[in-house]
Amino acid sequence: MSQKKSRKYAVVDLEATSAGSNARIIQVGIVIIENHHIIKTYETDVNPHESLDDHIVELTGLTDERLAKAPDFSQVAREIFHLIEDCIFVAHNVKFDANLLAEELFFEGYELRTPRVDTVELAQVFFPSFEKYSLPNLAEVLDLDLQDAHTAIADAYATAQLFLKIREKMASLPKITLETILSFADHLLFESRLVLEEIFEEVPTQLPDHLLEVGGLVIQHSKQYRKSKYLSQDFLTNLALLDLEERAAQSQFAQLIEDGLGSFVPSFIEAQTGIGKTYGYLLPLLAKAEGQILVSVPTKLLQDQIMENEAKQLKEVFHINSHSVKSPRNYIKLDAFYQSLQRQDKNRLLNRFKMQILVWLVETKTGDLDEIRQKQRLESYFDELRHDGQVKRDSLFATVDFWERSDQLAKSSQVLITNHAYLLERMQDDIDFVKGKVLVIDEAQKFFLALENFSRRRLDITQTLQWLDKEAKQTANLLQKRLLERLQFNLSQASQAFYQKKEVSLSQDLLEFIRQDIKEYPLRLEEDLWKIFLPYYSDYWFESEVDQEQRKTYLNAARLDLFRFQTFIPDLTKVYFVSATLEISKRVTLPDLLGIADYEAYRIESSKSSDQKIWVDTSMPNLVDLPDAIYEEEIARRLMALSQLEKPILVLFNSKQHMLAVSERLDTLMVKHLCQEKNGLAYNIKKRFDRGEANILLGTGSFWEGVDFVHQDQLIEVITRLPFENPEDRFVKKVNHYLRQNHKNPFYDYTLPVMTLKLKQAIGRTQRRENQVSAVLILDKRVVSKSYGKQICQILEQNNSLSCKKFPDIVTEITSFF
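Taking the numbering used here, the leading residue of the sequence shown gets 24, the next gets one more, and so forth.
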């Protein structure tokens with residue numbers, strides 16, 4: 024019996040004079056792989072007979088003088104061709120390398136017809152949770168040897184190691200999974216499926232013990248928790264076991280948490296950022312409290328950070344079981360994914376995501392779609408896969424459903440971590456969700472805004488009309504078809520009236536028609552459509568926005584009454600509200616805004632930090648009535664100047680439009696940076712910024728609210744505009760009306776204090792640990808030019824030194840400060 028001949032792979036990297044169609048080869052690196060081992064390497068410089076531009080010299084380290092001594096390509100063509108002619112051609116972005124090398128060989132009389140394999144796409148499929156797939160990024164996360172990036176042999180050698188890692192990953196997957204992936208492999212670039220076919224023959228049929236197969240999908244068995252250890256009754260002992268140092272403010276905070284357990288009256292605790300509040304409440308509650316501990320934080324991003332840091336440490340040291348509780352829509356619905364696999368789709372990207380998800384399902388313990396980092400590239404497909412919270416008993420996947428698993432894990436965990444938005448949604452649907460638990464609302468100053476955001480909803484009219492049209496065409500039931508068509512007609516008419524007649528509000532008659540159709544529809548409608556027309560919403564209006572050059576229409580709904588969180592809290596439930604500030608103004612407190620009359624309040628005295636200083640740029644033009652183009656140019660010029668200091672720079676915007684416009688100007692100025700949405704979601708670009716991929720990060724939204732910057736020893740934070748709320752916003756008008764009824768001044772008792780609250784919170788993002796030095800620059804001189812500016816300065820100076828100077832002087836002072 025003859026032994027099967029092993030395939031040979033030639034891993035190639037070229038350095039060239041440019042990335043364009045007129046590029047000439049200047050360096051060749053080749054690594055030959057056979058029988059899963061590197062057996063040979065080859066490298067040579069090539070004389071292009073043209074001068075290199077500065078960018079290529081800087082990138083590769085090659086010079087005209089060195090290449091002048093190198094052989095012409097004609098002198099090495101024969102050797103290169105015979106080395107790789109019987110191999111499969113492998114490269115990281117194979118199209119560029121293979122096309123360029125084949126063209127140069129052709130001119131020398133050699134025709135290269137080898138199959139091609141692209142390691143970029145294979146890495147995307149078989150490492151679905153990675154954030155980025157450039158060779159340097161993959162080298163970091165996979166521990167590849169890439170000592171001299173952008174030299175051909177170093178890149179080829181690293182790519183060869185990557186290729187072997189990908190093959191190793193393929194071989195670790197179940198044969199069932201590989202077989203399903205192979206059914207989509209024709210959608211891979213070039214002949215990449217050849218690698219899969221080779222590995223498939225070698226993989227054993229039997230599943231490992233930790234995996235199970237259901238309906239052709241392979242997933243992990245649900246995880247089993249170990250029994251937790253008892254914590255010491257002494258806070259400092261527990262800190263020492265976690266290898267953490269004692270901090271006086273943290274110990275004082277922990278004592279207040281412990282003292283509060285003696286009463287069911289809500290406890291409000293004011294504590295500055297950076298004292299270690301998370302351990303400050305978790306350790307005493309785990310040691311002293313009965314029942315589960317439920318922690319709510321402002322954002323999913325912060326929720327994930329706690330799971331990755333504090334919860335992970337508690338698991339390792341004390342075997343404490345923590346679980347992250349999110350909306351069903353965060354989880355994959357296996358039925359929906361299974362159905363998409365049965366469908367023939369022509370979209371190559373969509374089919375690649377199917378392959379990625381098949382790999383991810385073997386690895387994920389949670390089924391949380393947030394683990395797939397690049398899903399924003401085809402959000403519509405992932406929306407199709409999101410869980411709706413419903414599990415049919417006759418489903419193939421009823422016993423392994425990830426949402427149900429999450430629900431079961433939540434019941435057996437000692438610590439539950441959630442976010443403000445989901446906490447409110449869950450409490451509305453199930454008041455017993457917090458019953459018998461100790462509830463900690465962290466960053467409670469944001470909870471009030473979350474409470475009001477919860478009182479309103481938003482519906483993308485364009486997406487909803489498309490969904491209704493699709494459902495109406497697919498259903499065979501005549502009654503359902505008519506109801507769907509009528510819903511589609513009514514929403515379409517209302518949308519047209521908004522654009523043609525400027526009718527912003529939805530009429531009461533039309534609202535009742537729509538609600539009646541939804542009530543008569545026998546099935547559960549799409550979640551956003553169903554929830555926006557629930558009876559407790561009474562105010563409806565249309566808005567339009569331009570997103571990536573596409574105009575979108577939204578229907579908004581809101582309650583006109585202010586929420587009272589006290590009514591949400593079950594009897595005999597202990598609640599802690601932990602906040603950076605309790606006094607919103609001299610006449611308005613945080614408990615007032617939450618509608619809580621009976622409470623206990625405590626304050627940990629804060630101290631002025633010498634590691635953080637604030638500057639106000641008095642040379643910035645007045646922002647009122649300043650044209651957008653000038654405003655954006657002023658910001659871009661200042662960022663370019665600050666970039667010369669070679670420090671990490673976080674830039675916060677109130678407006679996505681301004682953020683993207685400034686990003687375009689920085690591109691024009693050749694200033695390297697990362698921009699939220701443009702370069703990825705907040706979570707992704709935050710990690711890339713922490714890794715030092717760029718020194719400037721432009722962000723909005725969640726970067727104001729709950730993202731901590733702990734990895735940078737020194738950091739500059741630029742606040743482009745004071746974060747005042749839009750006075751035309753209906754919610755703001757509602758709060759103002761409420762305050763006037765109670766004989767209070769809307770601006771001084773709410774608008775100004777809430778803005779200052781947001782400003783303080785943003786400033787606190789950049790001072791999260793000891794010995795972290797940060798400079799904060801505010802590009803809004805209303806701090807000094809307006810009468811209310813004195814109040815802002817007084818509040819900021821409670822914790823930081825404040826200096827008001829012209830920008831050139833500020834740059835000089837920041838340089839000295841660091």
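Glycine included, every Cβ here is placed at the ideal spot set by N, Cα and C.
Quick one: measure Cβ to Cβ for residue i and residue j, integer angstroms, because I've assumed they're closer than 8 Å.
| i | j | result |
| --- | --- | --- |
| L158 | A181 | 6 Å |
| A183 | L123 | Between L123 and A183 the Cβ distance is about 19 Å, and since that is not below 8 Å, they are no contact. |
| E281 | P307 | 4 Å |
| E448 | S350 | 7 Å |
| S215 | D141 | 6 Å |
| L825 | T789 | That pair is no contact at about 15 Å. |
| A263 | H346 | That belief does not hold up - the Cβ atoms of A263 and H346 are roughly 26 Å apart, past 8 Å. |
| K829 | T641 | 6 Å |
| I53 | V35 | 5 Å |
Would you mind working out which of the options sits nearest residue i, comparing C-alpha positions?
| i | options | result |
| --- | --- | --- |
| K597 | Q315, R753, W727 | Q315 |
| N344 | L683, V799, K252, W727 | K252 |
| S286 | Y302, D36, T64, A312 | A312 |
| D232 | P197, L324, L474 | P197 |
| Q147 | P94, E73, L372 | L372 |
| L474 | I107, R270, K767, L613 | L613 |
| G239 | E214, L357, S642, L462 | L357 |
| S678 | A294, F726, D36, V799 | F726 |
| I103 | F129, G84, T260 | F129 |
| L803 | I56, S797, C827 | Per the sequence shown, residue 803 should be read as Asp rather than Leu. The residue with the shortest Cα to Cα distance from D803 is C827. |
| I619 | S629, F588, K609 | F588 |
| T743 | F477, L800, D411, K701 | L800 |
| L662 | H696, K524, P151 | H696 |
| V758 | A581, Q735, L704, V733 | A581 |
| W564 | F456, F676, F754 | F754 |
| F360 | Y404, E191, F223, L187 | Y404 |
Is any beta-carbon of chain B found at less than 8 Å from that of residue i?
| i | result |
| --- | --- |
| F258 | The chain labelled as chain B is not found in the depicted structure, where only one protein chain is given. |
Is it right to say residue i is buried, meaning 16 or more other beta carbons lie within 10 angstroms of its own, or is it exposed?
| i | result |
| --- | --- |
| Q26 | Low per-residue confidence applies at Q26: pLDDT is 47, beneath 50, and the placement is therefore not dependable, though the value from the model is reported in the following sentence. With fewer than 16 other Cβ atoms within 10 Å, it is exposed. |
| N58 | exposed |
| S195 | exposed |
| Q367 | exposed |
| Y522 | exposed |
| Y445 | buried |
| N749 | exposed |
| M693 | exposed |
| P776 | buried |
| P71 | buried |
| F341 | buried |
| S29 | exposed |
| K493 | exposed |
| K377 | buried |
| N579 | buried |
| N370 | exposed |
| N794 | exposed |
Less than 8 Å between the C-beta atoms of residue i and residue j, yes or no?
| i | j | result |
| --- | --- | --- |
| K636 | F840 | yes |
| T485 | K338 | no |
| V143 | F153 | no |
| I242 | V423 | yes |
| Y625 | V463 | no |
| L552 | T487 | yes |
| T441 | S515 | no |
| I719 | V674 | yes |
| Y773 | V601 | no |
| Y577 | R509 | no |
| Q468 | T296 | no |
| L317 | L254 | no |
| R688 | A717 | no |
| V639 | V741 | no |
| L780 | I627 | no |
| L230 | L219 | no |
| I292 | A272 | no |
| L265 | Q336 | yes |
Q. Do the region 383 to 394 and the region 206 to 220 meet, that is, are 3 or more Cβ pairs less than 8 Å apart?
A. Cβ pair count under 8 Å is below three, so no.
(Q) Tell me whether the region 820 to 829 and the region 494 to 513 touch, counting them as touching only if at least three CB pairs, one residue from each stretch, are closer than 8 Å. (A) no
Q: Could you tell me whether the region 528 to 537 touches the region 491 to 501, where touching means 3 or more Cβ pairs closer than 8 Å?
A: no
Q | At least three beta-carbon pairs within less than 8 Å, the region 750 to 768 to the region 265 to 279 | A | No, the region 750 to 768 is not in contact with the region 265 to 279.
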